[in-house]
Structure formats: C-alpha cells, structure tokens
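Number 122 in the numbering used here belongs to position 116 of the sequence shown; there are no gaps in the numbering. Worksheet: the structure to be examined is printed underneath.
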Amino acid sequence: MSSWQALDSELDAWAEAGRCATLWWRDDDAAEDCPALEKLLNLAETAAVPLVLAVIPAALREAAVMRINNSSQAPNIAVVQHGYAHTNHARDGEKKIELGGGNPAKDCRAHLHMGQDILVQHFGARLLPVLVPPWNRIDPALVPALAKMGYAVLSTYGARESEPLKTGPQRINCHIDILNWRQGAIFLGEPETLELACAHLRARRLAEVDADEPTGLLSHHLQQDAAAWQFLADFFKRTLAHPAAAWPDPATLFGAA
C-alpha cells in the first residue's frame with residue numbers, strides 16, 4: 007500500500023464510522039513580502055484551503071501587510087500572532103525559546119501586548135486571538151495569564167491533552183511538520199509526512215488522543231524546497247477530494263475551541 011493509499015484508507019475508516027476528519031493549515035514566520043510569501047498565498051488560492059498565517063509582529067513590513075490584505079485569497083486568510091520578534095532567549099543548554107528562557111515573564115507579557123497592538127493595527131478583524139510561540143515553546147508559567155491577555159487559543163506542536171486545561175487558553179496544535187529541521191529544513195519526505203498525518207488521524211479515530219482536536223498541517227514558506235511545495239499541493243488535492251475530510255474556516259475552528 008502506498009503512503010497516499012494509506013491516507014485514503016484512514017479517511018475511509020472515518021467515513022465508515024460516519025465521522026468527518028477536520029484539518030487545518032498553519033504557516034509560520036510571515037513578516038516580509040517576498041517570492042515565497044507570494045507563492046504561499048497563490049497556493050492557498052489555487053487549493054482553496056483556508057490559511058492560518060503566523061506573523062512575527064516586530065519584524066512585520068508594510069509591503070507584507072499589503073500583500074496579505076490585498077490578496078485575492080484574503081477572505082480565507084487568518085492572521086495569528088507568532089510571538090513578538092522571534093528572538094532566541096534560551097539559556098546555555100536549553101532549546102531555542104522566545105517566551106521563556108532568560109526572557110523575564112514581565113518582559114514576555116509586555117512584548118506580547120506590543121505585538122498584539124501591531125497586528126491589530128495592520129490586520130484588524132483578520133487577526134484571531136491565537137498565540138503561536140516561536141519554536142513551538144513557551145514557559146508553562148506564562149500560560150495561565152494568556153487568557154486574561156486576550157488569547158483564546160495557544161497553538162504549538164503535538165497532540166493536546168485529552169482533558170481540557172483548567173487554566174489558560176484552549177490548545178489547537180499542529181501535528182504534521184513537513185520539514186526535516188535536523189537535515190537543514192529540507193522536505194521530510196512523502197512517506198514520513200503522510201505517516202504523521204495518518205498517525206494523528208488514527209489516534210483521534212481510536213480515541214487515543216483528543217478526538218476533537220483538528221489535525222494540523224505545519225509549513226514554513228521561507229524554508230520550503232520544491233518537494234515540500236509539491237507535497238502541500240498534493241495533500242490539499244487528495245484531502246479535498248475525500249468526503250470524510252474537511253478544512254473548516256479558521257474563525258469557526260478557533261471559535262469552537
């Protein structure tokens with residue numbers, strides 16, 4: 007069985023159970039207008055798949071704002087906050103992190119507020135109350151305060167806990183990272199990427215993880231090679247053709263969190 011056939015088979019299992027597999031697409035690190043951003047927006051339009059664009063507030067350029075807001079795909083583009091400056095504050099021996107590490111909590115909160123103001127100014131209602139921490143990491147001590155800061159959703163990587171958190175915003179994460187970062191951010195490979203997709207879908211269907219968390223596809227337009235771009239196009243085409251797969255509108259998706 008090919009990797010694509012395995013995906014079809016998993017979606018068939020959802021259909022046989024009378025269920026619909028929800029998916030969503032997040033792309034990280036938007037800040038500057040560039041050919042890669044244009045290619046990303048064109049793909050979203052061609053595929054007709056809603057795009058959740060994680061934007062770095064402190065690095066945002068006016069040309070990128072215009073590109074996003076004037077895109078013909080604009081009604082299907084949601085903007086979310088990608089930290090503040092995507093600056094690494096990790097201490098020696100720690101993994102990269104902006105919202106934590108050697109960055110004091112009060113500074114993290116102040117920077118997040120500044121980032122919110124920047125994105126509201128440029129994107130208005132297109133901005134959703136979602137925080138995507140750079141490198142998908144955040145100091146757990148910061149999480150309880152996020153809801154009071156206006157964030158309804160925290161999005162990182164990996165299946166969320168089945169039991170809702172008692173404090174902080176809801177989690178809606180990504181589960182399919184199409185890049186192999188250890189090998190220089192090249193495409194992970196078709197079999198490996200599709201196995202990530204099938205694994206989370208299967209775990210949801212069998213209630214091994216939270217079945218209500220939509221399966222998230224993660225891309226990075228600035229890093230992707232030709233194979234990664236082609237995979238995205240193929241994945242969208244394949245899932246859109248299956249009656250048991252759906253790509254909900256982001257506002258609806260996060261509103262239901």
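Heads up, the beta-carbon is just placed ideally off N, CA and C, and yes, glycines get one too.
Check                                                                                                                                                      : Outcome
Does the distance from the C-beta atom of histidine 92 to that of glutamate 104 stay below 8 Å?                                                            : yes
If distances are taken between C-alpha atoms only, which option among Asp39, Ala209, Ala233 comes closest to alanine 69?                                   : Asp39
Let me know the secondary structure DSSP gives proline 150 once reduced to three states.                                                                   : helix
Using DSSP's beta-bridge definition, name the partner residues of isoleucine 182.                                                                          : Leu223
What is the DSSP secondary structure of proline 135, reduced to helix, strand or coil?                                                                     : strand
On the DSSP letters alone, give me the boundaries of the alpha helix (DSSP H) that isoleucine 6 sits inside.                                               : With the chain represented from 7 up to 263, any question about residue 6 goes unanswered, as that position is not in the structure.
Can you list, in chain order, the residues of its chain whose CB lies under 7 Å from that of histidine 88, leaving out five sequence neighbours each side? : Asp34, Asp35, Ala60, Val61, Ile62, Val138, Pro140
List the endpoints of the continuous beta strand (DSSP E) containing valine 86.                                                                            : 83-87
Does the region 171-185 come close enough to the region 232-242 to have 3 or more Cβ pairs within less than 8 Å?                                           : yes
With a cut-off of 8 Å, do at least 3 Cβ pairs link the region 190-202 to the region 142-152?                                                               : no
Is aspartate 35 helix, strand or coil when you go by DSSP?                                                                                                 : strand
Taking only the alpha-carbon atoms, compute the straight-line gap between proline 81 and tyrosine 157 and give it to the nearest angstrom.                 : 22 Å
Looking at valine 159 and isoleucine 144, is the spacing between their C-beta atoms short of 8 Å?                                                          : no
Give me whichever residues DSSP pairs with phenylalanine 193 in a beta bridge.                                                                             : Leu185
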